[in-house]
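Residue 0 is where the sequence shown starts when you use numbering that gives the first Met the number 0, and the numbers rise one by one after that. Contents: one structure, followed by commentary.
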Amino acid sequence: MLEQKANCVSCRQDFVPKIQSEWATKGVRRHYFACPHCGVQYTSRYVSRAIQSRQMKIRIRRKKIKNLAKGDIENIERLSAEIEKLAAENKKEMQELRGLLEGVS
Ligand SMILES: [Zn+2]
0 MLEQKANCVS
10 CRQDFVPKIQ
20 SEWATKGVRR
30 HYFACPHCGV
40 QYTSRYVSRA
50 IQSRQMKIRI
60 RRKKIKNLAK
70 GDIENIERLS
80 AEIEKLAAEN
90 KKEMQELRGL
100 LEGVS
């Protein structure tokens, strides 16, 4: 796998992001990476317990789909729709958390 490089907007140097996490507030972890050249931090996302639980549900459904027969369209479609819904809920909550914690929307 190719290493995905990021370009720092502050010092304009390339680096390979190494994701770290810390508690942003009660029950919410901030995932971020820092530029090794100048130390500027970039938040990749905020993850609450509800988001984690949905991520788990998504993983379980992906596994189920893998184990289903290719012809089992009905179940594949049902699980895919559930994954889509969970992912959309996560996206929405992540945006809300970012707005709440960073004061932007
Ligand atoms: Zn930098």
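Using N, Cα and C, we set each Cβ at its ideal position, and we do this for glycine too.
By how many angstroms is the C-alpha of residue j removed from the C-alpha of residue i?
i: E21; j: A68; result: 41 Å
i: C7; j: C34; result: 7 Å
i: D13; j: K90; result: 28 Å
i: R29; j: A23; result: 5 Å
i: E95; j: S43; result: 14 Å
i: G38; j: A87; result: 32 Å
i: E83; j: R11; result: 36 Å
When DSSP labels each residue in this structure, what does residue i get in the three-state scheme?
i: R68; result: In the sequence under discussion, the amino acid at residue 68 is Ala, which differs from the Arg named in the question. A68 falls in the coil class under three-state DSSP.
i: Q54; result: helix
i: R11; result: coil
Assuming residue i contacts residue j under a Cβ cut-off of 8 Å, what Cβ separation, rounded to an integer in Å, is found between them?
i: Y45; j: R97; result: 6 Å
For residue i, which option in the options has the closest C-alpha, if you only look at C-alpha atoms?
i: K63; options: N74, Q54, S47, R53; result: N74
i: V27; options: R11, Q54, A49, V15; result: A49
i: P16; options: D71, A5, G70; result: A5
Tell me whether the beta-carbon of residue i lies closer than 8 Å to the beta-carbon of residue j.
i: I57; j: L99; result: no
i: E92; j: S52; result: no
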